[in-house]
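Residue numbers (the working numbering), protein chains in the order written: chain U, 1 to 85; chain P, 1 to 85. Idealized CB from N, CA, C, for every residue including glycine. Since the structure is predicted, the reported quantities are computational estimates derived from the model, not experimental observations.
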């Protein structure tokens, strides 16, 4: 049993309106030290796979098949064993 | 100059429809090993603050004031120095 912590980020140069608006909102709230905000999505996926290499291959496929859009996204992940499994 | 990597998760017991639908979609795509998917938001915030303690205090305030809803969210973060700063 493994848990994959997958982070889906926007590629460099892709507009991040949510990040820009968050920065503006923080500025209005008085947080003037904030120079940049970037947003990304995070997925924690539990895998019923005993083998780490198999789990890693699955996660790669999942990222490509569903979670990320190769035009605008990049993905990264960390695989960790599930506690008590 | 610090970068704060902030993760906003849903509290235990709070419904995560996006996660549930992602799990269903993965099942339909043949990824039957996936037993659970949890989603969360991720913010990378650049802070023009030289002092780490001050940066940490800022990040705490930012999480409470804007990024997280205490009714449904929990937040965690890691602070790291910005490269080349």
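Margin query: Within 7 Å of any Cβ in chain P, is that where the Cβ of residue 38 (chain U) sits?
Written below: At least one chain P Cβ lies under 7 Å of residue 38 (chain U).
Notebook entry, point to check: Who are the near neighbours of residue 86 (chain P) in its chain, counting only those whose CB is closer than 6 Å to its CB and skipping five residues on each side?
Noted result: In the structure as shown, chain P starts at 1 and stops at 85, and residue 86 (chain P) therefore has no counterpart that could be examined.
Checklist line | Pick from P:71, P:49 and P:43 that is closest to residue 82 (chain P), judged by C-alpha positions | finding: Measuring from the Cα of residue 82 (chain P), the nearest candidate turns out to be P:49.
Next item on the list: Taking only runs that begin and end inside the region 17-47 of chain U, name each unbroken alpha helix (DSSP H) of 4 or more residues, in chain order.
Entry: Counting whole runs of 4 or more residues, the region 17-47 of chain U contains the alpha helix (DSSP H) stretches 17-28.
Check: Going along the chain, which residues of its own chain have a beta-carbon closer than 8 Å to the beta-carbon of residue 77 (chain U), five neighbours each way excluded?
Finding: Taking residue 77 (chain U) as the centre and dropping the five residues before and after it, the same chain places the C-beta of 4, 5, 6, 7, 59 and 63 closer than 8 Å to its C-beta, in chain order.
Next item on the list: Could you check how far apart the C-beta atoms of residue 2 (chain U) and residue 67 (chain U) are, in whole angstroms? I think they sit under 8 Å.
Entry: That belief does not hold up - the Cβ atoms of residue 2 (chain U) and residue 67 (chain U) are roughly 16 Å apart, past 8 Å.
Notebook entry, point to check: With burial defined as no fewer than 16 other Cβ atoms inside 10 Å of the residue's Cβ, what is the status of residue 32 (chain U): buried or exposed?
Noted result: Its Cβ having fewer than 16 others within 10 Å, residue 32 (chain U) is exposed.
Next item on the list: Hey, could you find the ends of the beta strand (DSSP E) residue 4 (chain P) is sitting in?
Entry: From DSSP, the beta strand (DSSP E) with residue 4 (chain P) extends over 2-10.
Check: Among the residues of its own chain, which have a CB less than 8 Å from the CB of residue 44 (chain P), if the five just before and after it don't count?
Finding: Once the five neighbours on either side are set aside, the close Cβ partners of residue 44 (chain P) are 3, 4, 5 and 6.
Check: Which same chain residues, not among the five before or five after residue 26 (chain U), have their C-beta less than 8 Å away from its C-beta?
Finding: Excluding sequence neighbours, residue 26 (chain U) sits near 34 and 37.
Next item on the list: Could you name the residues of chain P that residue 79 (chain U) contacts, counting a contact when the two beta carbons are closer than 8 Å?
Entry: Taking a Cβ-Cβ cut-off of 8 Å, residue 79 (chain U) has no neighbours in chain P, whose nearest Cβ is about 13 Å from it.
Next item on the list: Compare the C-beta of residue 34 (chain P) with all C-beta atoms of chain U and state if any pair is closer than 7 Å.
Entry: Yes, contact with chain U.
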